[in-house]
Every structure is written in C-alpha cells, then in structure tokens.
Amino acid sequence: MALMFPSNIFVGTAIVTALLTLSLTRLFLFLIRLKSKQGKEKQLPLPPGPRGLPILGSLSLFGKPNRHHYFSGLAQTYGPILSIRLGYKLYVAVSSPSAAREILKDQDAVFSNHIIPAAVSYNFKDSKPDLFWSPTSNHWRIMRKIVGREMIGPANLDATAPIRRREVRRTVETIWARAKLGLTVSVRETTFLTMLNIMTSKLWGERTASNSDEKQLRQAMSEHVNLFFAPNVADFFPVVAPFDPQGLGRRVKKLTGWIFKYLEKVVEKKKQKMAVGERRRDLLEVLLDIVETVNPQEPFTMDDLFKLVLDIIEGSTDSVSTVVEWSMAELLSEPKKMRIAQQELDDVIGKHRVVEESDIPQLHYVSAIIKEALRLHPPAPFLVPHCPSSQCVVHGFSVPAGTTVIVNIWKIHRDPHFWGEDAEEFKPERFLATEKEMNDLYVRAHDQFYYLPFGAGRRVCVGYAYGEKMAIYMLASLLHSFEWKLPENVTLDLQEKFGTVLIKAQSLVLVPAARLDKPELYV
253 MALMFPSNIF VGTAIVTALL TLSLTRLFLF LIRLKSKQGK EKQLPLPPGP
303 RGLPILGSLS LFGKPNRHHY FSGLAQTYGP ILSIRLGYKL YVAVSSPSAA
353 REILKDQDAV FSNHIIPAAV SYNFKDSKPD LFWSPTSNHW RIMRKIVGRE
403 MIGPANLDAT APIRRREVRR TVETIWARAK LGLTVSVRET TFLTMLNIMT
453 SKLWGERTAS NSDEKQLRQA MSEHVNLFFA PNVADFFPVV APFDPQGLGR
503 RVKKLTGWIF KYLEKVVEKK KQKMAVGERR RDLLEVLLDI VETVNPQEPF
553 TMDDLFKLVL DIIEGSTDSV STVVEWSMAE LLSEPKKMRI AQQELDDVIG
603 KHRVVEESDI PQLHYVSAII KEALRLHPPA PFLVPHCPSS QCVVHGFSVP
653 AGTTVIVNIW KIHRDPHFWG EDAEEFKPER FLATEKEMND LYVRAHDQFY
703 YLPFGAGRRV CVGYAYGEKM AIYMLASLLH SFEWKLPENV TLDLQEKFGT
753 VLIKAQSLVL VPAARLDKPE LYV
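For what it's worth, this note's numbering labels the leading residue of the sequence shown as 253, then goes sequentially.
Structure, rendered in structure tokens:
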C-alpha cells in the first residue's frame, strides 16, 4: 500500500525550502555587495541605450544601410556614450571628444586592443593575427617598427620618391589618352591602381599592371577588406562563431589563401634574384632577411611576412583612393572651390611643368581640401572597434571587459560646438585662413579630439602622414592636369555607403579634358 502524506506537510516543507533559499540568496547578494563596496561605494551602471528584445537585443534596428547615421541618431537620444545589445554582444558607442579622449588617450593601455570580427577570427584560428588585428604585444611592436622604419621612414621616403613620381605621371598619361578619345575615368579605381602600383613597386620592385593576375589581385583585396565588418550573425552570437553559419569566415580564408599564393610566387621570384646576387634592398628583401635571422624569442615567419605585406597594401590603397574620390565629388558639387584650387596650382606651379611632391608645402588650399574631405568622410567612420582588456569606467559609466567599443568619429567631426553651425558643409577654408591659423586649427582639433581621421593613441594608423601626403599629391596632379565634368545626363550623388571603408555609394566616373598646353607634360 502506497504511503500517503498529508498536504500540510508538503506545504510546510515548501515554505521552509523557500525561506531557506531566500535567506541564502540574500546572504549571497550581501556578500557580493560587501565585496563590491571594498573597491567602490557604488556599482556604476552601463551607459544608457535602447532596451531591445530578449536574445535578439536591438538587431532588428541594426539593419540600416548606414550604421554611422544610425548610431549618430541614437546619440541624439541617449547622449555621447550609449550602450546597445546586438544579440549577446554588448556595444558601447562614444560620440564626443571628451569620451574619445578617455578611450584613446587617458585609458589607452586598457583600450589598445582591437575587437576581432568573427570572420577574421575564423581566418586566424590556426595562426597569429596580423599587424592590424594583433593585440598590443611585443610581436605587434616588432611588426609596427618594421613598417615605420623600412616603409615610411624619412630615408625610405626619399629613396622611393622616383617610384611615386613615375606612377603618378603614368596615371596622368593614361587619363590623357582617355581624354583624347572622350572616354570616362573612374576616380576611385584609377587612384586605387596608382597606389597599388606604388606599393608593390616599393615592396618588391614590380608594378602589378605588368602581371596577368593584377585584376584578380585587386578584386580579391577589395572583397577581402569589405568582408571584415560585413553583418555577421557570428559576431552577435559568439557561440555559433566556430560554425561560421554565413560562410563569411570561409570566404575570408579562401581570399587570404589566394592572395598568399600570389605572394608566394612573388617571394619565390625574389629569392631567385637574391640567390644570384641581384639585390634591390626593397622591403621584401628586408623581411626575408628577418625571417632567415630566426629570433627564438620572437620568431618572424613567412606567414607573418605575407600578413604584413597584405596589411601594407590594403591599408594604403583604400584610404587614399577613398579620400581622393570624396574630394573630387565635393569639388564637383561646388565648382567655385575647384577653380580656387586650380588657380592655386597655376600660381605655384604654372602650366610649364608638372606637380612635384616638393610643391605640397605651398599647396595650402589643395591640402585643406584633403583635410576637409577626411573630416566629412573619414575612411573608417568608427575607426577600428576597440576592446577593453578589463572592466573600466568611461564618462561615469561602467564598460565591461570584452565590450565592442565604437568611437563614432563621423559624428565627432561634425560637432557644431567646435566646427561651427556650418559643420555639415564642405568648407576647405576652415583649414586655410593664414598658414598659422590653419595649423592652429589642425593642432587644436587633434589635441581636443575633434579631428581623428586616423585614430589616436598607440593604435593610431602608422602611415597616416604618408597617406595624407599621397592624397594631396594625387589630387593636385589630377586638378592641375585636367578639367573634370560629369558625363551627360548624370547627376552628382554624394550618398555614402558604410563598410570597412566609407565609400561613395555610386562610384565617381568623370570626363577629363586636358588643361595644359604642352603635350610633353602628359607623357
């Protein structure tokens, strides 16, 4: 016969269990609060932000084509520092110079690491990250030092000046040939190819245009970069990242493999030349010597070499081609400013010779155009998202370790408190006035964190000065040599397309016409 217990026994047991559980819970919470008070009197809250849905967070609101506009709109509601959950990931976005200073200067050591997208992590799961994604470590410092010394150091820049001049003049000649036939020119594609040929010539002494794989290389690198920050469910739900549900990681890995195979052929050719004593002392030879040195404390492998070369090429081509395209687009929207720039070029250079790099210090208005284009259309509107290595406090709010931290420089660059009521307008004159005033504004904007097109702190773009100089040189050469107009029945569109690089939504395709009288200046 089954044993029967009165119902009041079950009720009493349940009450006792509930009271015991409640007591233990309260004791546990009390101990947590007591421990917390030892470090600080009060636990700081997360930054404000939209509540979102369970599990999904605010993913439904994130499908906007231009994420920099979306986050800038959120900042209008929630303030200069806000938090938002996208799936299981916490994002913190800052959009004020003071908050940016806390992250990029005051707490630079804590925020120095980049958040690595899932697609990139998938690609690196069996090897060390490259310079771009590597945590701040001795290996990162070594790679950065190599770039700074061997690629953009003063001695190297002087030695490679003929390469830059040769490629810019070849570009001018190519455009002139198309102008004589009445053909159009894609500004971004043309500038990209010029920079690609400059970089490969500096790296291993050859132009890509002479290689049958050149077009594939350009396409592979363009897609490779665009995939870094493509919307990826694995970024929002890290538990599924190893499975790469959208296949973005596999695509990045496939493209990386193709590019590395291309570079393997280049390296093999270089080794054969070095074996017979034919040395040019370009960067590739320097890197090969470092590989063969074999430092057991900090080995630099062939895999590191390929990654560093790829970083250098991708980092230099996209940023310069993007800012030159935006500069040309803004000048076309305001032809008066283009005429001012061309008049400056005629005054400084005349029409009897070509633009030289040595002319750049005197091209104040052209330089101001590039600075203003970088202000309104920074190539990386969120920089590269940072990741705090430990819990910290920004602007009075808690930012947990591992948070994806976005610095919205697109919004900071348009802050009317510093830039004035015309902050949304393309106005190179704001960087001009007298040379002293221009430099004062430039320095103040940097120092006060209102102007950060290349970031700040220890993860600032190592080649920012070189990139800005090349953009000025390219733009000056294009404006000095040609008149530019839109094709018939084409309307200028200044819409942006968010991505790893902030490009024009519609590629700028123009009709050039020679403006110099002497044909020999184009050859």
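Beta carbons: idealized from backbone N, C-alpha and C, even for Gly.
For ARG393, the enclosing alpha helix (DSSP H) has its first and last residue at 390-402.
For a cut-off of 8 Å, the C-beta gap from SER619 to ILE724 is around 5 Å, short enough to register as a contact. Here TYR343 carries a strand assignment [DSSP, helix/strand/coil]. Annotated three-state conformation of ILE592 is helix, per DSSP. Check the Cα spacing between TYR694 and each of ALA653, VAL646 and ILE622: the tightest is with ILE622. For a cut-off of 8 Å, the C-beta gap from PHE323 to ALA345 is around 5 Å, short enough to register as a contact. Taking a 10 Å sphere around the C-beta of SER312, we find fewer than 16 other C-beta atoms and assign the residue as exposed.
Beta-bridge partners assigned by DSSP to VAL606: none are found. The C-alpha of ALA593 lies about 44 Å from the C-alpha of SER389. When rounded, the separation of the alpha-carbon atoms in ARG418 and ASP410 is 14 Å.
CA-CA distance, ALA429 to ASN741, rounds to 23 Å.
If you keep only unbroken beta strand (DSSP E) runs of at least 3 residues inside the segment 648-703, you get 649-651 and 656-659.
The DSSP-derived three-state label of LYS749 is strand.
For VAL763, the secondary structure class from DSSP, reduced to helix, strand or coil, is strand.
Buried is the label assigned to GLN359, since at least 16 other Cβ atoms lie within 10 Å of its Cβ. By the Cβ neighbour-count rule, ARG303 is exposed, with fewer than 16 other Cβ atoms within 10 Å of its own.
Secondary structure note for ILE564: its alpha helix (DSSP H) is the uninterrupted segment 554-585. Secondary structure at ARG337: strand, using DSSP grouped into helix, strand and coil.
By the Cβ neighbour-count rule, ASN547 is exposed, with fewer than 16 other Cβ atoms within 10 Å of its own. By the Cβ neighbour-count rule, GLY501 is buried, with 16 or more other Cβ atoms within 10 Å of its own. Between GLU582 and ALA625, the C-beta spacing is below 8 Å. Within the same chain, and ignoring the five residues on either side of TRP578 in sequence, the residues whose Cβ sits closer than 6 Å to its Cβ are ALA625 and HIS629.
Spatial neighbours of VAL491 in its own chain (CB-CB distance under 8 Å, excluding positions within 5 residues in sequence) are listed in chain order as TYR340. The beta carbons of HIS638 and ILE355 sit about 6 Å from each other, so the pair counts as a contact at 8 Å. Look at the beta carbons and you see the segment 721-740 touching the segment 749-767: at least three pairs across the two are nearer than 8 Å.
For LEU296, the secondary structure class from DSSP, reduced to helix, strand or coil, is coil. Each residue's CA atom was taken as its position, placing HIS604 and PRO613 some 19 Å apart. Straight-line measurement puts the Cα of ARG531 at about 8 Å from the Cα of GLU537.
Measuring C-alpha to C-alpha distances from GLY654 to each of PHE488, LYS588, ASP745 and TRP510 identifies PHE488 as the nearest. Taking 8 Å as the cut-off, the beta carbon of PRO369 is found closer than this to the beta carbon of PHE481. Apart from the 5 residues on each side of it in sequence, LEU479 sits with its Cβ closer than 7 Å to the Cβ of ALA371, LEU500, ARG503 and VAL504 in its chain, given in chain order. The Cβ atoms of ALA352 and VAL659 lie closer than 8 Å to each other. In chain order, VAL607, LEU615, VAL618, ALA728, LEU731 and HIS732 place their CB closer than 8 Å to the CB of LEU597, counting only its own chain and leaving out the 5 sequence neighbours on each side. Check the Cα spacing between GLU676 and each of ARG319, ASP496, GLN595 and LEU746: the tightest is with LEU746. For the pair of segments examined, the segment 382-397 was found to touch the segment 548-558: the number of CB pairs separated by less than 8 Å reaches three. Residue burial annotation: PRO705 is buried, with at least 16 other C-beta atoms found within 10 angstroms of its C-beta.
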